[in-house]
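J.: Here's a structure for you.
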Amino acid sequence: MHENRLLLVNAWRGRDDLWCAPGGGVDAHASLPDNLHRELMEETGLRVHIGDVCLVNEFNDVDRDYHQVDVYFHCTLASGTLTDNWQDPEGIVDNRKWVTRAEMAAMQVKPDSLAAVAWQDADAPNYDPLEPIIR
């Protein structure tokens, strides 16, 4: 979060309408926060302060025998700005932006509970099981 805006990325090839929080896979022998620092730098060029875990979300695809577990942390901007000339070295993220909650409400975002968690709603889940994955 930064100035009451949440950082979102578009990381689905061919689906420029689908957004999520930055993050990704983990490297062996590195902590989740260390992996998140690396992923955020790759996907956005930004550095963040990583706080507490705020959500564990499971994505599920029964047709493909697929199950993904994501761990989300509350983060705040430490340094950096989004620039137009930036590129993800992995070629996964092709767009990223800071959004208000109102802007986010008009977007397709995964996981479904992300806005409630990010803005710390009283009824926000800290565990969201078996959300169907979008392919």
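Here the sequence shown is numbered in full-length UniProt numbering, starting from 1 and rising by one per residue. Don't be surprised by glycine CBs; every beta carbon is placed ideally from N, CA and C.
How big is the Cα-Cα spacing for residue 74 and residue 6?
T.: In a straight line, the C-alpha of residue 74 is about 10 Å away from that of residue 6.
J.: Can we say the segment 69 to 85 touches the segment 37 to 56, given the rule of at least three CB pairs closer than 8 Å?
T.: These segments touch.
J.: Taking the alpha-carbon positions, what's the residue 32 to residue 106 distance?
T.: 30 Å
J.: Given that a residue counts as buried once 16 or more other Cβ atoms are within 10 Å of its Cβ, and exposed if not, what is residue 89?
T.: Here residue 89 is exposed: its Cβ has fewer than 16 other Cβ atoms, across all protein chains shown, within 10 Å.
J.: Would you mind listing the alpha helix (DSSP H) stretches within the segment 80 to 128 that are 4+ residues and don't spill past its ends, in chain order?
T.: 101 to 105 and 114 to 118, all fully within the segment 80 to 128.
J.: Can you grab the Cα-Cα spacing for the pair residue 112 / residue 128, in whole Å?
T.: 9 Å
J.: For residue 49, I'd like the list of residues in its chain whose CB is within less than 6 Å of its CB, leaving aside the five on either flank, ordered along the chain.
T.: Answer for residue 49: 76 and 78, listed in chain order.
J.: Going by alpha carbons, who is nearest to residue 87 out of 25, 41 and 34?
T.: 41
J.: Grouping DSSP H, G and I as helix and E and B as strand, with all else coil, what is residue 65?
T.: coil
J.: Taking the beta strand (DSSP E) that residue 8 belongs to, which residues open and close that run?
T.: 6 to 10
J.: Using DSSP bridges, identify the partner residues of residue 20.
T.: Paired residues: 9.
J.: Name the residue from 25, 30, 133 and 97 whose alpha carbon lies nearest to the alpha carbon of residue 3.
T.: With distances taken between CA atoms, residue 3 lies nearest to 97 out of 25, 30, 133 and 97.
J.: For residue 9, which residues of its own chain have a beta-carbon under 6 Å away from its beta-carbon, when the five flanking residues on both sides are left out?
T.: 22, 43, 93 and 96
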